[in-house]
Amino acid sequence: MGKTNKSLGIKDKNLKERFLDASDGNNLSNVFFDKVTKVIIKILEKLFIRKLITLHSRPKSTSNFHLKPSNTNSDSAILVQGPIDQSNDFTFQTLKMYRGLYSNSPIILSTWDDENEKSIQNIEKLDVEVVLSKKPPSLTFGESAWKNVDLQIITAKTGISAIKKMGVDYCLKTRTDQRFYKPDLLSYFINLINTFPIENELLQKKRLVASSFATPKYRIYGLTDMMMFGAIDDIENYWNVENYSSGIYSYCVNEEQDLPPIISGTLVGAEVYFMSSYLTRIGEKLDWNLDHYWSMLKKYFVIIDSPSLDFYWNKYNKESEYKFARTYSDHSHRLIDHMDWFQLYSENVISWDKIRKQEMWARTKDGRLSRVII
45 MGKTNKSLGI KDKNLKERFL DASDGNNLSN VFFDKVTKVI IKILEKLFIR KLITLHSRPK
105 STSNFHLKPS NTNSDSAILV QGPIDQSNDF TFQTLKMYRG LYSNSPIILS TWDDENEKSI
165 QNIEKLDVEV VLSKKPPSLT FGESAWKNVD LQIITAKTGI SAIKKMGVDY CLKTRTDQRF
225 YKPDLLSYFI NLINTFPIEN ELLQKKRLVA SSFATPKYRI YGLTDMMMFG AIDDIENYWN
285 VENYSSGIYS YCVNEEQDLP PIISGTLVGA EVYFMSSYLT RIGEKLDWNL DHYWSMLKKY
345 FVIIDSPSLD FYWNKYNKES EYKFARTYSD HSHRLIDHMD WFQLYSENVI SWDKIRKQEM
405 WARTKDGRLS RVII
């Protein structure tokens with residue numbers, strides 16, 4: 045038997061063994077993990093004396109995930125779209141987790157026909173339907189990041205088309221590099237949109253649910269494209285958008301305008317393109333100002349807090365729990381959360397424009413994009 049280490053409160057082992065144990069998720073390893081992180085945080089708070097620091101960990105795989113749903117749902121499908129994230133089997137483990145949490149719901153992975161065949165076979169063994177699309181040839185924007193917008197549209201449309209054939213009423217669209225650990229999300233979303241009915245069901249059957257990450261408060265028509273839940277017909281309509289590489293030209297005043305265009309200081313990137321296109325299709329006139337953007341969120345959508353969904357994104361500053369969603373150095377947080385949305389829904393007068401300015405883009409003399417106001 046090893047000696048008791050009084051500082052950690054557990055039996056002595058060499059450092060490597062201790063850290064391997066800490067990944068197992070049992071009570072003893074959790075004690076060790078908590079002890080180590082407390083020491084690290086104390087050191088960090090001494091180095092950064094103006095900050096209070098917290099930390100949150102999540103299980104990497106389903107072997108250490110033991111949460112159970114309190115109810116099941118069979119009238120909603122889950123669409124996970126995009127390339128398979130192979131890092132730590134992230135997409136596979138995500139789908140395995142969803143299958144355990146939503147045993148009665150169809151789950152569809154919409155990805156590419158050049159993905160690893162063995163990975164696809166393993167995913168299909170989870171009782172997940174895999175639908176494959178062929179990647180398009182080179183697009184107008186060449187190898188730039190804007191090409192990914194078309195890729196997202198293609199996998200979203202293919203997946204939604206497969207779900208429509210299943211006869212379900214609702215659909216959750218999410219991504220292969222993101223995960224929601226919270227159980228019972230599908231029933232929560234349904235209850236949410238039934239609690240906040242929409243005024244005109246001729247244009248849209250029910251509200252569309254979107255996450256606070258990443259829905260900026262001060263970016264015109266900036267509703268997130270990462271996660272969305274709604275009636276299947278509404279989801280289909282939202283994503284029934286022309287490919288960005290061709291549709292973006294309708295936003296230009298002439299053929300010589302630089303791409304992507306900037307309208308009223310707003311860069312018409314992916315999220316802005318999706319939301320503005322959808323609003324136009326359902327008959328809304330775009331005013332390209334914050335008041336109209338906020339009024340559209342109030343009228344057609346409901347924003348929910350990503351932390352309440354136990355959200356994790358396996359990309360871009362993933363070590364930060366809130367990423368850029370929380371900032372205390374400005375007068376207002378960048379993103380809209382559920383409390384903000386509820387204020388929109390409940391009040392006629394919102395004075396957000398008095399505490400922070402609209403996000404603004406411009407072009408330099410040589411045509412490069414420049415963010416003027418974040």
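Residue 96 in my numbering sits at position 52 of the sequence shown, and the numbers go up by one each step. No residue lacks a Cβ here, since even glycine has one placed at the ideal position from N, Cα and C.
- With a threshold of 16 other beta carbon atoms within 10 Å, E300 falls short and is exposed.
- In this structure, DSSP gives Y288 a helical state, which the three-state scheme calls helix.
- Taking the Cβ atoms as the reference, G211 lies roughly 16 Å from V175, outside the contact range of under 8 Å.
- Non-local beta-carbon contacts of W332 in its own chain, meaning distances under 7 Å to residues more than five positions away in sequence, involve I264, I307, S308 and T310 in chain order.
- Runs of the beta strand (DSSP E) lying entirely within the region 244-320, each at least 3 residues long, are 252-255 and 272-275 in chain order.
- A residue is called buried once 16 or more other Cβ atoms fall within 10 Å of its Cβ, and T155 is buried on that count.
- Partner residues in the beta bridge of R407, as assigned by DSSP, are L413.
- According to the DSSP assignment, L139 belongs to the alpha helix (DSSP H) that extends over F134 to L145.
- Looking from the CA of Y146, the closest CA among V172, L252, K162 and G274 belongs to V172.
- For E161, the enclosing alpha helix (DSSP H) begins and ends at E161 to E168.
- Taking C-alpha positions only, L195 is separated from K179 by approximately 7 Å.
- By the CB criterion at 8 Å, R102 and Y225 fall inside the cutoff.
- In this structure, DSSP gives Q222 an extended state, which the three-state scheme calls strand.
- Here the region 233-240 makes no contact with the region 149-163; the two share fewer than three CB pairs at distances below 8 Å.
- For F355, the secondary structure class from DSSP, reduced to helix, strand or coil, is strand.
- With fewer than 16 neighbouring CB atoms inside 10 Å of its own CB, E89 falls in the exposed class.
- Looking at the backbone, the Cα of V312 and that of Q130 are separated by about 31 Å.
- At a Cβ-Cβ threshold of 8 Å, R325 and N281 count as neighbours.
- When DSSP reads this structure, L123 sits in a beta bridge with I152 and K217.
- In terms of Cβ geometry, L388 and K342 form a close pair [threshold 8 Å].
- Going by DSSP, L176 is part of the beta strand (DSSP E) stretching over E173 to S177.
- A straight-line Cα-Cα distance of about 10 Å links I242 and V346.
- Excluding sequence positions up to five before and after M271, its CB lies within less than 6 Å of the CB of T218 and S255, all in the same chain and listed in chain order.
- With distances taken between CA atoms, D221 lies nearest to K359 out of F386, K359 and E391.
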